[in-house]
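Order-wise, the sequence lines are chains U and E.
Residues 1 to 366 (our numbering) make up the first sequence, in order.
Residues 1 to 155 (our numbering) make up the second sequence, in order.
Glycine included, each C-beta is placed from N, C-alpha and C at the ideal position.
Read through the structure below, which is laid out as C-alpha cells, and then see the notes.
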Amino acid sequence: MSDRLRGKYCIAGIGESEFGKLDSQTAIGLKLIASKMALDDAGIAAKEVDGIISQSSLRLGELLGMMPLSFVLDLDLEGATAAAMVQHAVMALEAGMCRAVLCVLGGTDIVSEEEEEFYAPYGMFDITARYAMAARRHMHRYGTTSRQLGLIAVAERTHARLNPIATLKEPMTIDDHQGSPWAVEPLRMLDCPVQGNGAGAFLVVPKPRAKDLKNPTVFIMGMGQSHPHREILDSASLTSTGAKVSGEIAFRMAGLSLSDVDVAELADPVTYAVLVQLEDYGFCKKGEAGAFLETEGIELNKARIPVNTHGGLLSCANVPGILHITEAVKQLRNGCGQRQVPEAGVALVSGSGGVMSTHVTLILRK
Amino acid sequence: MTKVPQRPLPRPTPESKPFWDGCRNRQLLIQRCKSCGDLRFPPSLLCPSCSSLETEWVPSSGKGEIWSHAVFHNVYHPAFERNIPYVVAVIELEEGVRMVTNIVGCSPDEVKIGMPVEVFFDEVAPEVTIPRFKPSKAEESQVRTDEDQGPVLQR
C-alpha cells in the first residue's frame with residue numbers, strides 16, 4: 001500500500017451493539033444496531049453512505065436503507081476481517097467507487113469440510129485446540145509458561161473493569177488464572193475469549209468529508225496484510241505470525257515506528273496470540289515475551305504501550321477484531337474515561353484469524 | 001446397556017478416497033505430484049508447488065515425530081467422552097508431511113514435541129479405518145523440522 005494514501009482517509013463514526021448471551025437478538029439485528037450507532041456517531045445519514053463491507057452485506061445495506069449502493073463487498077478473513085475492511089474501504093474510496101463505506105461485523109462460526117474429514121475423527125474440535133498446539137510450540141522452544149500467558153488475561157481483565165461495556169468485570173488474579181480448568185491443555189479457560197455475541201461497526205470517509213462531522217475523526221495512517229499460512233499442517237511456524245511483515249508494511253506506509261505508538265489493540269483470540277505479537281511487533285525480542293510480561297507488561301498505567309485497553313475478546317466481548325478498532329478510535333478521541341491512555345496520539349491495531357494464519361495491521365492517528 | 005454415540009467419521013471425497021482405502025488395507029498412502037514429486041497432505045486436486053493435476057499415491061513409512069499436541073479435558077462431542085483426557089497431535093512424517101491424529105499407548109503427560117511415533121490402524125467403524133500413532137520403539141526419528149523462522153519481508 002502506497003504512502004501517498006497516508007492520512008488521506010479516516011474513521012468518522014463507530015458503533016457497538018450490546019454483548020453477551022443475546023438470545024432475543026438475531027445476528028442481523030445486532031449488526032443493524034451497531035451500524036445505526038456508527039452512522040449516528042458520525043452524524044451521516046444512511047442515504048449518504050453508498051458503500052458497505054460486511055457479510056451478507058447487500059441485505060444489510062438494504063435493511064439500513066442505503067440503497068442504491070455503489071460498492072458492496074462480503075469479506076471473510078476470519079479474525080483479521082475487521083482490520084482488512086479498513087483497507088478495502090480505503091481502496092474503494094481511492095478508486096472513486098463510492099463516497100463513504102460502512103463496515104460491519106458480527107460473530108460467526110464456520111467449520112470447513114477439511115476439518116470435518118481430517119480433524120473431527122480424532123476428536124479435534126474447536127479452534128482452541130490449534131492455539132493450544134501453537135502455544136505448546138512456543139513453550140517448547142522458548143520456555144514460555146502458562147503463568148506468563150496468564151499475565152495477559154489478568155491485564156485485559158483489569159482493563160475490562162474500567163470499561164462500562166465490557167462483559168466480564170469480576171476481578172482476576174494470576175492465581176485465578178492458574179487455578180482455572182484446562183480449555184485444551186496447555187490453554188486454560190481463562191486464556192480463552194468470553195462467551196457471547198455482539199457486533200461493531202465503523203465508517204470510513206475521505207479526509208475532506210471529515211471536516212463538518214459531529215465527532216473527531218481518526219486518520220488511517222498505515223495498513224498491511226500478511227498471511228503466512230492457513231492450516232496448521234502447512235504452517236512454517238506457530239511461534240510467529242503475519243504481524244512482523246504486515247507491521248513493517250503498515251509502519252512504513254505511516255512513516256511511523258513502534259516508538260511512536262501510544263496504545264495497542266492486538267488480536268486476542270487466546271492469550272498466546274497476544275504474546276507472539278509482542279515479539280513480532282518488536283515490543284521485545286523473539287522468544288522473550290514471557291519475560292517482558294513479567295517486567296514491563298501490557299497493563300494501563302504500568303506499560304509504556306498498554307495493550308487491549310477495552311478488555312479484548314478475553315474480557316470485553318468476543319466480536320472478532322472490530323472492537324479493537326472502535327476502542328482505538330475511542331482512545332484517540334480521548335473518550336475512554338478511566339481507562340484513557342494519556343495523550344494517546346497513535347494506535348497500533350491488529351487482526352488475526354485462523355490459527356496465526358491471517359494477519360492485518362493498522363496504524364491510526366488522531 | 002449404554003449406547004456409545006456415533007463418532008464423527010471421515011467422509012471421503014474423490015480426492016481423498018485413495019487415502020482412506022489405503023488405511024483399510026493397513027497402508028498409509030501419501031499423495032505425490034507426478035510432475036514435481038512434492039508430497040502433500042491432506043489430499044487435494046492440484047499441486048500447490050507446480051499446479052499439476054497429475055498425482056500418484058506412495059506408501060509412507062508410517063514413522064514420524066510429534067510436531068505439537070494438545071490435551072482435551074472437556075467434552076466437545078459425546079463420542080469422545082470416555083476417552084478424556086485424550087491427546088490430539090500434529091505429527092510430521094519422515095517424508096515431510098504433517099497430519100492431525102491421536103497419540104495413544106502412553107499417558108498424555110508423557111507426550112513431548114519431537115517424540116518419535118509410529119502409525120497403527122484403528123478400525124473405528126465397519127469399513128472405516130483411521131491412522132493413529134503411538135510412541136515408537138525405534139531409534140531417533142530422522143525427521144528434521146525447520147526451526148521457527150517467520151516469514152521475512154522481501155523488498
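In this structure, E:Pro-43 sits near E:Phe-19, with a CB-CB distance shorter than 7 Å.
Not a single C-beta of chain U is nearer than 7 Å to the C-beta of E:Ala-125. The beta-bridge partner set that DSSP reports for E:Gly-64 consists of E:Leu-93, E:Val-117. Rounded to the nearest whole angstrom, the C-alpha separation of U:Leu-168 and U:Cys-192 is 12 Å. When Cβ-Cβ separations below 7 Å define contact, U:His-140 makes contact with chain E.
The alpha-carbon separation between U:Gly-242 and U:His-359 amounts to approximately 5 Å. As DSSP reads the structure, U:Tyr-272 sits in no beta bridge. Between the alpha carbons of E:Arg-26 and E:Gly-114 lies a gap of roughly 25 Å. When the beta-carbon positions are compared, E:Glu-92 and E:Trp-67 come within less than 7 Å of each other. Scanning chain U for C-beta atoms nearer than 8 Å to the C-beta of E:Pro-8 yields Glu-116, Ala-120, Pro-121, reported in chain order. The three-state secondary structure of U:Gln-55, taken from DSSP, is coil. Under the Cβ criterion (8 Å, minimum of three pairs), the stretch 177-186 of chain U does not count as touching the stretch 331-342 of chain U.
The three-state secondary structure of U:Asp-41, taken from DSSP, is helix. For E:Pro-18, the enclosing alpha helix (DSSP H) starts and ends at 17-24.
In this chain, the alpha helix (DSSP H) harbouring U:Ser-146 covers 146-160. Residue nearest to U:Asp-268 within the set U:Ser-259, U:Gly-255, U:Leu-149 is U:Leu-149 (criterion: CA-CA distance). In this structure the stretch 344-359 of chain U lies against the stretch 129-141 of chain U, because at least three pairs of beta carbons, one per stretch, are closer than 8 Å. By the criterion of at least three beta-carbon pairs nearer than 8 Å, the stretch 75-89 of chain E is in contact with the stretch 117-127 of chain U.
For U:Thr-309 and U:Glu-265, the gap between their C-alpha atoms comes out near 7 Å. Among the residues of chain E, those whose CB is under 7 Å from the CB of U:Ala-132 are Ala-70, following chain order. Between the beta-carbon of U:Leu-69 and that of U:Ala-201 there is about 16 Å, and that puts the pair past the 8 Å contact cut. With a 10 Å radius around the Cβ and a threshold of 16 neighbouring Cβ atoms, U:Ser-54 comes out buried. Taking CB atoms only, U:Asp-3 has no neighbour in chain E less than 7 Å away. Check the Cα spacing between U:Gln-277 and each of U:Leu-314, U:Gly-247, U:Met-221: the tightest is with U:Gly-247. For E:Gln-6, same chain residues with a beta-carbon under 7 Å away, outside a window of 5 residues either side, are Ala-79 in chain order.
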